[in-house]
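*Asks:* Counting with this note's numbering, you get residues 129 to 250 for the letters of the sequence shown.
The beta-carbon is built from N, C-alpha and C at its ideal position, and this holds for glycine as well.
Every value quoted in this text rests on a predicted model; they were computed, and no experiment measured them.
I'd like to ask some things about the structure below.
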Amino acid sequence: DDAFQETFLRALRGYPGLRHAEHLRAWLYTIAARVAADEHRRKLPLVEARDEASRDSRPEYAELEHLAGVLPAKERAAVVLRYGYDLSYADIGMALGSSEEAARQAASSGVRRLRRRRIEIA
């Protein structure tokens, strides 16, 4: 519920800067993925979070930025949340507004598509 509200608050704040309105759904998925990742990080114990931050100051999803033009929005979000943030399929399904199985399928389809194009995922 809070993640849903936060997603749309961020969307409202960022909408004036949106350059490609025809990609609105993908843009919202990206915001939702980032909100879900933020929520996941907030739930980590403080010591574990410090260890994560000390390893690399770059956000984990930054390594997966090259997927942006290759995968459809839902597959991209599922792959980034699974392999960039190590979220469970249940959490990914919640972030994408779908079931755990649909999240698993989206991530699997995304990985297959990347393999066909021989693109590495981190």
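#1: In whole angstroms, give me the CA-to-CA distance for A160 and L209.
#2: In this structure, how does DSSP classify Y213 when only helix, strand and coil are distinguished?
#3: Of all the options A154, R138, Y217 and S226, which has the alpha carbon lying nearest to the alpha carbon of L199?
#4: Can you give the beta carbon distance from V163 to A201, rounded, assuming they're within the 8 Å contact cut?
#5: In three-state terms, what does DSSP make of G145?
#6: Would you identify the three-state DSSP class for G221, choosing helix, strand or coil?
#7: Can you tell me where the alpha helix (DSSP H) holding H168 begins and where it ends?
#8: Compute the Euclidean distance between the alpha carbons of L215 and P144, then round it to the nearest angstrom.
#9: Once DSSP output is grouped into helix, strand and coil, what is the label at R241?
#10: Let me know if A218 comes out buried or exposed under the rule of 16 or more other beta-carbons within 10 Å of its beta-carbon.
*Replies:* Straight from the coordinates:
#1: Rounded to the nearest angstrom, the two C-alpha atoms are 10 Å apart.
#2: Three-state DSSP puts Y213 in coil, outside helix and strand.
#3: Closest in C-alpha terms to L199, from the list A154, R138, Y217 and S226, comes A154.
#4: Incorrect: roughly 15 Å between the Cβ atoms, too far for contact.
#5: Helix.
#6: Here G221 sits in helix by DSSP.
#7: For H168, the enclosing alpha helix (DSSP H) starts and ends at L152 to K171.
#8: Taking the straight line from one Cα to the other gives about 30 Å.
#9: Correct three-state label for R241: helix.
#10: Classification for A218: exposed.
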